[in-house]
Amino acid sequence: MTAQTSWPRATLNSLRTFADDVTRGFFDITHNSLALLGMVLAVGLMTLTFRADLRTAAEEKLLGWLLERQSGGAVIALTADPTAVDRATALHTHELPSEQAKVALWLSRKYRVAPEPLSALVAEAFELGKKIKLDPSLLLAVMAVESSFNPFAQSSVGAQGLMQVMTRVHTDKYAGFGGKLAAFDPVTNLRVGAQVLSEYVRLSGSVEGGLRLYVGAVSSDGSDYIDKVLAETQRIQSVALGRPAPAPVRTPPRPPPDIIDIAPAAPLPTRTDTEAAAELAATVNKS
């Protein structure tokens, strides 16, 4: 009877001990796992702090995961187009001759435009200048003054693109490039604008006259525009030669032609006390 009673108690004690060991082991494993996880997270955060490239990759991956979750798991696949690079107006600066590279980098900094598109435009301007007998610095200066190298610029009167060509006036010149929408292709706009300017220079007999016709000066003689373009031309020429660009010269504004400058009247001469006394004495003697 005693042996039968003690056997279940021994078994119960063994089970209780086993349960305690399992529980203690579970807590030990959990505690150690959490400590290990915390250590891994700390190391990961330190790595991301000092490695900007890894941090950027992690952010992009997390953003992609969030967008995928937001779209219900549907992933939008973009259609690849390996020929897209052929449509880009861009050229690496190191592919240009030294003088052209200097100009491209200087214009890029001044007008806050990427150097690759500017490199392509600089190379095109130098090539066009040889063909139409115009200084390439002049073509670049016109683009700078007209649009600040914005290929999608449009004025209130309808001038469009880099060279601000009046598209509706020069529609015939765009016919060989596929139509008027070619005005927003940077290279095409440069070529058409250069052709228009070249024609105006020949027609007027001088660069100044050509610029006056190009800007279409009606209410003024266009001197402000001409001065800006020629000053920028000079700066670009200096940069191409490796010299510092001349600082802009501030000229005082010219008065409107209808204002007449009237000189102030000369002040009347003042009499001294001696002269006044002598005049008073003469008057008294006469009386």
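Under the UniProt record's numbering, the sequence shown has 116 at position 116, and the numbering climbs by one with no breaks. Every residue gets a Cβ at the ideal spot worked out from N, C-alpha and C, and that includes glycine.
Where residue i and residue j are concerned, what is the direct C-alpha to C-alpha distance, given to the nearest angstrom?
i: residue 246; j: residue 234; result: 8 Å
i: residue 20; j: residue 56; result: 48 Å
i: residue 92; j: residue 115; result: 8 Å
i: residue 50; j: residue 111; result: 34 Å
i: residue 156; j: residue 147; result: 13 Å
i: residue 108; j: residue 102; result: 10 Å
i: residue 24; j: residue 42; result: 27 Å
i: residue 87; j: residue 60; result: 28 Å
i: residue 67; j: residue 78; result: 15 Å
i: residue 45; j: residue 98; result: 45 Å
i: residue 224; j: residue 106; result: 24 Å
i: residue 17; j: residue 11; result: 10 Å
Just to confirm, are residue i and residue j a CB contact at a threshold of 8 Å?
i: residue 295; j: residue 151; result: Beyond the ends of the chain as shown, which are 1 and 287, falls residue 295; an answer cannot be given.
i: residue 166; j: residue 179; result: no
i: residue 236; j: residue 208; result: no
i: residue 173; j: residue 192; result: yes
i: residue 162; j: residue 177; result: no
i: residue 322; j: residue 90; result: Residue 322 lies beyond the residue range present for the chain, which begins at 1 and ends at 287; the question has no answer from this structure.
Closest to residue i by C-alpha separation, out of the options, would be which residue?
i: residue 187; options: 94, 65, 124; result: 124
i: residue 168; options: 181, 134, 95; result: 181
i: residue 129; options: 155, 164, 197, 66; result: 197
i: residue 132; options: 195, 203, 61; result: 195
i: residue 189; options: 164, 204, 176, 94; result: 164
i: residue 134; options: 84, 205, 90, 96; result: 205
i: residue 94; options: 84, 117, 53; result: 117
Who are the Cβ neighbours of residue i in its own chain at under 7 Å, not counting the five residues just before and after it?
i: residue 232; result: 141, 144, 145
i: residue 170; result: 192, 196
i: residue 248; result: 231
Kindly list the residues whose CB is nearer than 8 Å to the CB of residue i, restricted to its own chain and excluding five residues on each side of it in sequence; keep chain order.
i: residue 100; result: 119, 122, 123, 126, 240
i: residue 238; result: 244, 245, 246
i: residue 229; result: 138, 141, 142, 145, 211
i: residue 14; result: none
i: residue 269; result: Unreliable placement is indicated for residue 269, whose pLDDT of 49 sits below 50; no coordinate value is reported for it.
i: residue 83; result: none
Quick one: what's got a C-beta closer than 6 Å to residue i's C-beta in the same chain, skipping five residues either side?
i: residue 222; result: 212, 215
i: residue 256; result: Unreliable positioning characterises residue 256 in this predicted model, as indicated by a pLDDT of 48, which lies under 50. The coordinate reading is nonetheless provided below. Once the five neighbours on either side are set aside, residue 256 has no close Cβ partner at all.
i: residue 113; result: 149
i: residue 160; result: 154, 167, 183
i: residue 64; result: none
Give, in chain order, every unbroken run of the beta strand (DSSP E) that is at least 3 residues long and sits entirely within the region 145–226. none
Run through the region 99–144 for me and flag every whole beta strand (DSSP E) of 3 or more residues, listed as ranges in chain order. none
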